[in-house]
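Novice: Encoded as structure tokens, here's the structure I'll be asking about.
In the working numbering, the protein residues as written are 435 to 881.
Structure (structure tokens):
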């Protein structure tokens with residue numbers, strides 16, 4: 435989409451090439467703000483320029499297109515939509531203040547949270563998912579200055595040592611403006627960019643001499659009320675939290691937290707080699723979601739186990755029945771898993787996945803008897819191994835299989851009877867929360 439905006443401006447058929455270029459300036463200044471997020475003076479300079487560029491998009495559009503027949507009738511509902519949108523109204527006021535009175539009054543806030551289970555990780559993921567909603571939001575929390583202050587506050591809670599041993603502290607910095615504290619500033623500008631991108635692209639569709647190929651769903655081109663502007667954000671503008679956050683292990687302040695992740699690209703040679711080891715590639719015809727891949731992946735996983743090889747921890751992301759992305763992950767401990775669960779939730783939202791399938795070797799153990807404490811399977815002396823294939827989609831539907839197995843001292847593998855198990859995965863709590871937040875933020879059709 436962003437490449438189209440620039441290419442159209444140079445095509446000679448664009449009804450408002452300057453508006454495209456001003457929109458590109460918004461994108462450029464947004465990235466400069468992100469790069470300088472920890473440098474207040476540079477951040478403010480680029481912020482001022484970015485806000486002025488936002489207003490210049492509509493100025494250029496009106497100047498270049500006001501003489502085109504039908505422009506006023508087309509532009510009026512867009513203008514009305516802008517005046518009804520709080521973040522866009524504020525940006526108009528902010529631009530006027532910058533031009534006529536001087537810099538905006540901005541503040542940098544530091545938020546700190548202790549994550550000691552997947553539910554706490556899910557709360558953070560749910561907040562971040564609102565970056566994709568129509569209106570940026572702020573959820574209030576205590577402002578703390580340092581890791582030492584976090585520890586001092588946590589000690590007052592008298593949490594068990596076993597809980598704190600796996601805990602991670604997430605520090606998040608947010609720039610906000612006086613008079614509009616409800617939104618992190620880069621999220622506000624990204625929202626404005628997506629709205630204006632929808633406006634400029636619609637101008638191309640309605641008035642371009644050659645009607646460019648926009649690669650947009652036809653349902654997104656129609657009346658203003660049917661649009662979802664956040665869907666037009668470039669992937670690079672979807673989330674900023676990695677540049678704004680730092681995570682530490684609670685017990686020692688170590689910033690090496692989050693395990694390991696690696697994107698797996700399609701490799702035809704590797705596929706050919708795998709076919710030689712485990713048989714021909716699986717064929718799934720008519721798949722409608724990630725759920726339809728559970729049994730095929732279970733069959734492949736069993737072949738890998740019988741070969742004597744270990745099975746890694748993989749996450750396959752889907753939109754409908756189409757696989758979008760594959761991610762290999764590894765974790766040393768629960769603290770790494772808490773951080774990974776947030777990272778994968780953000781990845782899924784960023785790429786627009788509505789389903790995920792995870793494959794992993796896991797420990798299985800006994801459930802506690804009534805009145806007994808739950809002991810994680812990994813800590814039970816009589817635990818056994820299993821391969822778990824689990825899928826979940828954004829509607830909440832789940833499907834899973836567990837394949838118990840054991841390895842002999844001589845390298846042989848015995849496969850047990852497959853167990854159907856679709857209990858929701860705690861590891862995916864953050865993704866589940868992010869999907870839920872996204873559904874709340876999306877507008878109703880025609881609204």
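The beta carbon of each residue, even a glycine, is placed where N, CA and C say it ideally should be. It should be emphasised that the depicted structure is a prediction, and the values quoted were computed from it without experimental measurement.
Nearest-angstrom Cα distance between residue 783 and residue 863?
Specialist: Between residue 783 and residue 863, the C-alpha separation is close to 14 angstroms.
Novice: If you draw a straight line from the alpha carbon of residue 628 to that of residue 745, how long is it in whole angstroms?
Specialist: Rounded to the nearest angstrom, the two C-alpha atoms are 41 angstroms apart.
Novice: Roughly how many whole angstroms lie between the Cα atoms of residue 759 and residue 724?
Specialist: Their backbone Cα atoms lie some 12 angstroms apart in a straight line.
Novice: Report yes if the CB atom of residue 464 is closer than 8 angstroms to the CB atom of residue 630, and no otherwise.
Specialist: Their beta carbons are not under 8 angstroms apart, which means residue 464 does not touch residue 630 by this criterion.
Novice: Identify every residue that forms a DSSP beta bridge with residue 773.
Specialist: DSSP output for residue 773 lists no bridge partner at all.
Novice: State the Cα-Cα distance for the pair residue 496 and residue 502, rounded to the nearest angstrom.
Specialist: Taking the straight line joining both Cα atoms gives about 10 angstroms.
Novice: What are the uninterrupted segments assigned as alpha helix (DSSP H) that are 4 or more residues long and contained completely in the stretch 439-525, given in chain order?
Specialist: With a minimum length of 4 residues, the continuous alpha helix (DSSP H) runs that stay inside the stretch 439-525 are 451-469, 474-499 and 505-518.
Novice: So, residue 849 versus residue 778, is the Cβ gap smaller than 8 angstroms?
Specialist: Not a contact, by the Cβ cut-off of 8 angstroms.
Novice: Taking residue 510 as the reference, which of 492, 481 and 485 has the closest Cα?
Specialist: Of the listed residues, the one whose Cα sits closest to residue 510 is 492.
Novice: Exposed or buried, residue 844, counting other C-beta atoms within 10 Å across all chains shown (16 or more means buried)?
Specialist: Looking at its Cβ environment, which holds fewer than 16 other Cβ atoms inside 10 Å, residue 844 is exposed.
Novice: Rounded to the nearest angstrom, what separates residue 601 and residue 550 at their Cα positions?
Specialist: Their Cα atoms are separated by approximately 4 angstroms.
Novice: What residues match up with residue 819 in a beta bridge as DSSP calls it?
Specialist: Answer is 797 and 839, bridged to residue 819.
Novice: In whole angstroms, what separates the C-alpha of residue 792 from that of residue 638?
Specialist: Whole-angstrom Cα-Cα distance: 42 angstroms.
Novice: Roughly how many angstroms lie between the CA atoms of residue 449 and residue 512, to the nearest whole one?
Specialist: Using only the alpha carbons, I get a separation of about 17 angstroms.
Novice: If we ignore side chains and look at the alpha-carbon of each, how far apart do residue 719 and residue 752 end up?
Specialist: Computed Cα separation, rounded: 15 angstroms.
Novice: Under DSSP, the alpha helix (DSSP H) around residue 675 begins and ends at which residues?
Specialist: Counting along the chain, the alpha helix (DSSP H) containing residue 675 begins and ends at 675-678.
Novice: On the CB-based measure, 16 or more other CB atoms within 10 Å of its CB, does residue 486 come out buried or exposed?
Specialist: Its Cβ being crowded by 16 or more others within 10 Å, residue 486 is buried.
Novice: Taking Cβ positions, are residue 767 and residue 692 nearer each other than 8 angstroms?
Specialist: No. Outside cutoff.
Novice: From residue 531 to residue 689, what distance separates their C-alpha atoms?
Specialist: The alpha-carbon atoms of residue 531 and residue 689 are separated by roughly 40 angstroms.
Novice: Which same chain residues end up closer than 8 angstroms to residue 533 when comparing Cβ atoms and leaving out the 5 residues on each side of it in sequence?
Specialist: Counting only Cβ-Cβ distances below 8 angstroms, and skipping sequence neighbours, we find 486.
Novice: Taking just the CA atoms, how far does residue 734 sit from residue 708?
Specialist: Their Cα atoms are separated by approximately 10 angstroms.
Novice: What is the residue span of the beta strand (DSSP E) that residue 629 lies within?
Specialist: Segment 619-641 is the alpha helix (DSSP H) holding residue 629; no beta strand (DSSP E) there.
Novice: Residue 789 by DSSP, collapsed to three states: which one?
Specialist: Note: residue 789 maps to strand in three-state DSSP.
Novice: Mapping DSSP to helix, strand and coil, what is residue 808?
Specialist: In the structure shown, residue 808 sits in coil (DSSP, three-state: anything other than H, G, I, E or B).
Novice: Just mark residue 475 as buried or exposed, buried being the case when its beta carbon has 16 or more other beta carbons within 10 Å.
Specialist: Residue 475 is exposed by the Cβ-count criterion.
Novice: Compare the beta carbon distance of residue 481 and residue 674 with 8 angstroms and say whether it is the shorter of the two.
Specialist: Not a contact, by the Cβ cut-off of 8 angstroms.
Novice: Under the assumption that residue 755 contacts residue 732 (Cβ atoms under 8 angstroms), give the Cβ distance between them as a whole number of angstroms.
Specialist: With a Cβ gap of about 17 angstroms, residue 755 and residue 732 do not count as contacting.
Novice: Give me whichever residues DSSP pairs with residue 614 in a beta bridge.
Specialist: Paired residues: 611.
Novice: Work out the CA separation of residue 697 and residue 613 for me, nearest whole Å.
Specialist: Their Cα atoms are separated by approximately 41 angstroms.
Novice: Please report the distance separating the alpha-carbon of residue 507 from that of residue 515.
Specialist: Approximately 14 angstroms between the Cα atoms of the pair.
Novice: Closer than 7 angstroms by C-beta to residue 840: which residues in its own chain qualify, once you throw out the five before and the five after it? Chain order, please.
Specialist: Correct list, in chain order: 818, 819 and 848.
Novice: Within the continuous alpha helix (DSSP H) that includes residue 891, where are the two ends?
Specialist: One cannot answer for residue 891 here, as it falls past the ends of the chain, which runs 435 to 881.
Novice: What is the C-beta distance between residue 851 and residue 834, in whole angstroms, given that I count them as a contact (C-beta under 8 angstroms)?
Specialist: Residue 851 to residue 834, Cβ: 15 angstroms. No contact.
Novice: If we ignore side chains and look at the alpha-carbon of each, how far apart do residue 750 and residue 870 end up?
Specialist: The alpha-carbon atoms of residue 750 and residue 870 are separated by roughly 20 angstroms.
Novice: Can you list, in chain order, the residues of its chain with a C-beta nearer than 8 angstroms to that of residue 460? Leave out the 5 residues immediately preceding and following it.
Specialist: 484, 487, 488, 491, 623, 626, 627 and 630, listed in sequence order.
Novice: Could you spell out where the beta strand (DSSP E) holding residue 849 opens and where it closes?
Specialist: Unbroken beta strand (DSSP E) run through residue 849: 847-849.
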